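There are 2 protein chains.
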Amino acid sequence: MKKHTVESCAKAKLAIRDTLDVVGGKWKLVLISVLRSGKKGFNELSREAGISPRILSKELQELEMNGLVSRKVGETKPVTVQYELTDYSETLNEVLTAMEKWGNQHRQKIILGN
Amino acid sequence: MKKHTVESCAKAKLAIRDTLDVVGGKWKLVLISVLRSGKKGFNELSREAGISPRILSKELQELEMNGLVSRKVGETKPVTVQYELTDYSETLNEVLTAMEKWGNQHRQKIILGN
DNA sequence: TCATGCGCTATCCTTTTTGTAAGTACTATT
DNA sequence: AATAGTACTTACAAAAAGGATAGCGCATGA
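So the protein sequences, as listed, match chains R and V. The first sequence begins at 0 in numbering that gives the first Met the number 0 and counts up one residue at a time. The second sequence begins at 0 in numbering that gives the first Met the number 0 and counts up one residue at a time.
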């Protein structure tokens, strides 16, 4: 068990903020979790995640900038683009699975009338 | 290792959204991480987290509604209030520690020039 | 009595986020 | 030639989030 002193919590606060800066917001983690089922095209991703092109475009750029997603343009005639998770994105696995787990568990708690 | 099929990811997507609905946003997780060093009064919390009273009030209410924080009024004359984490909030430990860990690691990566 | 601290709430305003609808460029299909 | 699908971008609008400032009721200490 970890101690929770004022100092250690100040550090924790910083770390959490850093994380939120990168994957906070409504869509980033959702997109990553969707991309875990494999690389996807732009419109495909838009449909599966239920996100409008405008936002999707922005979110993907940010994820790319942070090295979590890579964009690959195919040699096909009507350009096709594939977005996929990078190796680095795997460092987020713990965060992802913890959140999935909690979400499921919390939902159960809610359903069972608190 | 887990499989990442389209279906399992749809479920994951939902769970992540559920989690974000409860602890998403700029402050909730920060507040929780600050409260881990012990119960705190309103102004104390406001200072330590660096959050304005208006927002703090709102965030605390939401955290309370979701059973993550409890508000306790003291018997003292100028009313004193203590906010503290509930037992249920401990179910978030995994999420918190994963995010702290990631935040620290990511910051290192950035500092070491990517 | 006046300033100070506690725990807020109210008001107002700016910034950020998200969304909608439409349009662009290109190509394959009908 | 018209339609549709890929990958976006642009313009505009609405909503949500966040922040600054002030003030209120109460009580203690100077």
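Glycine included, C-beta positions come from ideal geometry on N, C-alpha and C. A quick note: this is a predicted structure, and the numbers were derived from the prediction, not measured.
Residue contact check for residue 51 of chain R against chain V: no CB pair falls below 8 Å.
Exclusion of the five residues before and after residue 22 of chain V leaves 28 as the residues of its chain whose Cβ lies within less than 6 Å of its Cβ. Taken in chain order, the unbroken stretches of beta strand (DSSP E) that lie wholly in the stretch 68–105 of chain R and span 3 residues or more are 68–72 and 80–84. About 7 Å separates the Cβ atoms of residue 31 of chain R and residue 95 of chain R, confirming a contact at the 8 Å cut-off. Burial check for residue 40 of chain V: the Cβ neighbour count within 10 Å stays below 16, so the residue is exposed. Residue 57 of chain R is classed as exposed because its beta carbon has fewer than 16 other beta carbons within 10 Å across all chains shown. Judged by beta-carbon spacing, residue 17 of chain R lies within the 8 Å limit of residue 102 of chain V, meaning their Cβ atoms are closer than that value.
Taking a 10 Å sphere around the C-beta of residue 50 of chain V, we find 16 or more other C-beta atoms and assign the residue as buried. Residue pairing by DSSP puts residue 39 of chain R in a beta bridge opposite R:82. Chain R has a Cβ within less than 8 Å of the Cβ of residue 104 of chain V.
Taking a Cβ-Cβ cut-off of 9 Å, residue 85 of chain R has no neighbours in chain V, whose nearest Cβ is about 13 Å from it.
The three-state reading of DSSP puts residue 4 of chain R in coil, since its state is none of H, G, I, E or B. In this chain, the alpha helix (DSSP H) harbouring residue 54 of chain V covers 52–64.
Scanning its chain for C-beta atoms nearer than 7 Å, with the 5 sequence neighbours on each side dropped, one finds around residue 72 of chain R the residues 78 and 80, in chain order.
With contacts defined by Cβ atoms closer than 8 Å, residue 63 of chain V and residue 70 of chain V form a contacting pair.
Scanning chain R for C-beta atoms nearer than 9 Å to the C-beta of residue 64 of chain V yields nothing, as the closest lies near 11 Å away.
Cβ neighbours of residue 55 of chain V within its own chain (closer than 6 Å, five residues either side excluded): 45. One finds 8, 11, 12 and 15 in chain V with Cβ atoms closer than 8 Å to the Cβ of residue 32 of chain R, taken in chain order. Residue-level contact by beta carbon holds for residue 28 of chain R and chain V, with a gap shorter than 8 Å. Scanning V:108, V:20, V:48 and V:42 for the CA closest to the CA of residue 33 of chain V turns up V:48. Taking the beta carbon of residue 45 of chain V as reference, no residue of chain R falls within 8 Å; the closest one sits roughly 14 Å away.
Assignment of residue 111 of chain R by DSSP, reduced to helix, strand and coil, places it in the coil class.
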